[in-house]
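Participant:
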Ligand code: AP5
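Numbering (the numbering used here), first residue to last: 411 to 627.
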């Protein structure tokens, strides 16, 4: 299964992709996570991407396409993968189709849009934080650790917030979604691949709706 999860910042792509990876053995490929890891490691790509990301803008298409092309060729993607955060422009969607055709793997099987309205996105992003040690995700309102201030997964007491979750960067990210990413929806609709899920529902209900679509595919 080659799945694309599409949706604006904070729609729940990462939340759902992590769950699908655990349950279905499909590799989650989050381009945002890859870029943050590259920035933390100080690689040339990471250094180039860091400022662009913190401002909320999109990293250049050619860099992103090269990153994904190299990643999906690796052995852990052989059974399938979930693209979380890619493609983000029509150019990236076209490049993805071309690279899959060239590799003989067949095209994308399904594109699932998580539809969430903007006030809810802003509330989700503003409240989001994660464990500094293991990366487990939390939210001030929607998902607090069972013991306040202690990570459920690893017991760490240190937490971090993303620099691009500041209000000014969030406004730029939402604008980038509207102008550069939303045009992908008609691209995939025209190919009969697009399904939409109500991302405003609680995470378990969103998960159940995604499972249904995957079982039908
Ligand atoms: P990226 O890391 O991909 O960020 P994003 O798309 O803005 O998405 P988020 O990670 O913010 O949100 P999400 O949809 O995963 O939601 P989550 O599950 O965390 O990209 C960051 C940057 O990298 C970009 O701005 C760009 O600069 C660059 N970049 C990356 N890919 C690129 C590309 N292809 N081209 C160019 N540049 C690229 O959920 C959010 C919160 O809501 C969490 O707290 C969660 O607990 C909560 N939540 C989740 N689901 C629900 C629910 N159903 N109800 C209530 N709360 C929920």
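Backbone N, C-alpha and C define an ideal beta-carbon position, used for all residues, glycine too.
Can you check whether the CB of residue 594 is closer than 8 Å to the CB of residue 503?
Facilitator: As a working note, residue 503 is residue 93 in the chain shown. As a working note, residue 594 is residue 184 in the chain shown. Yes; because the gap between Cβ atoms is below 8 Å, this pair is in contact.
Participant: Rounded to a whole number of angstroms, what is the C-alpha to C-alpha distance between residue 573 and residue 478?
Facilitator: Within the chain shown, the letter at position 163 stands for residue 573. Within the chain shown, the letter at position 68 stands for residue 478. Spanning the two alpha carbons is a distance of roughly 24 Å.
Participant: What are the boundary residues of the alpha helix (DSSP H) that residue 616 is part of?
Facilitator: Locating residue 616 in the chain shown gives position 206, where the first residue counts as 1. First-last of the alpha helix (DSSP H) with residue 616: 613–626.
Participant: What I want to know is whether the C-beta of residue 496 ends up closer than 7 Å to one or more non-hydrogen atoms of the ligand AP5.
Facilitator: On the chain shown, position 86 is the one that residue 496 refers to. At least one heavy atom of the ligand AP5 is nearer than 7 Å to the Cβ of residue 496, so yes.
Participant: For residue 684, which residues in the same chain have their Cβ closer than 7 Å to its Cβ, ignoring the five residues on either side in sequence?
Facilitator: In this structure the chain extends from 411 to 627, so residue 684 is not present and cannot be described.
Participant: With distances taken from CA atoms, which of 499, 419, 433 is nearest residue 474?
Facilitator: Here the question's residue 474 lines up with position 64 in the chain shown. Checking every option, the nearest Cα to that of residue 474 belongs to 499.
Participant: Work out the CA separation of residue 605 and residue 568 for me, nearest whole Å.
Facilitator: As a first step, residue 568 must be located in the chain shown, where it is residue number 158. As a first step, residue 605 must be located in the chain shown, where it is residue number 195. Each residue's Cα considered, the two are about 38 Å apart.
Participant: If you follow the alpha helix (DSSP H) that residue 481 is in, where does it begin and where does it stop?
Facilitator: Within the chain shown, numbered from 1, the residue matching residue 481 stands at position 71. Looking at the DSSP string, the run of the alpha helix (DSSP H) that includes residue 481 is 471–482.
Participant: Please work out which residues of its chain come closer than 8 Å, Cβ to Cβ, to residue 449, disregarding the five sequence neighbours upstream and downstream, and give them in chain order.
Facilitator: As a working note, residue 449 is residue 39 in the chain shown. Excluding residues within five positions, the ones whose Cβ falls inside 8 Å are 456, 457, 459, 460, 463.
Participant: Should residue 402 be counted as a contact of the ligand AP5 given a C-beta to heavy atom distance under 7 Å?
Facilitator: Outside the displayed span of the chain (411 to 627) sits residue 402, for which this structure offers no information.
Participant: Just to confirm before moving on: does the CB-CB distance between residue 535 and residue 582 stay below 8 Å?
Facilitator: The sequence position of residue 535 within the chain shown is 125, counting from 1. The sequence position of residue 582 within the chain shown is 172, counting from 1. Not a contact, by the Cβ cut-off of 8 Å.
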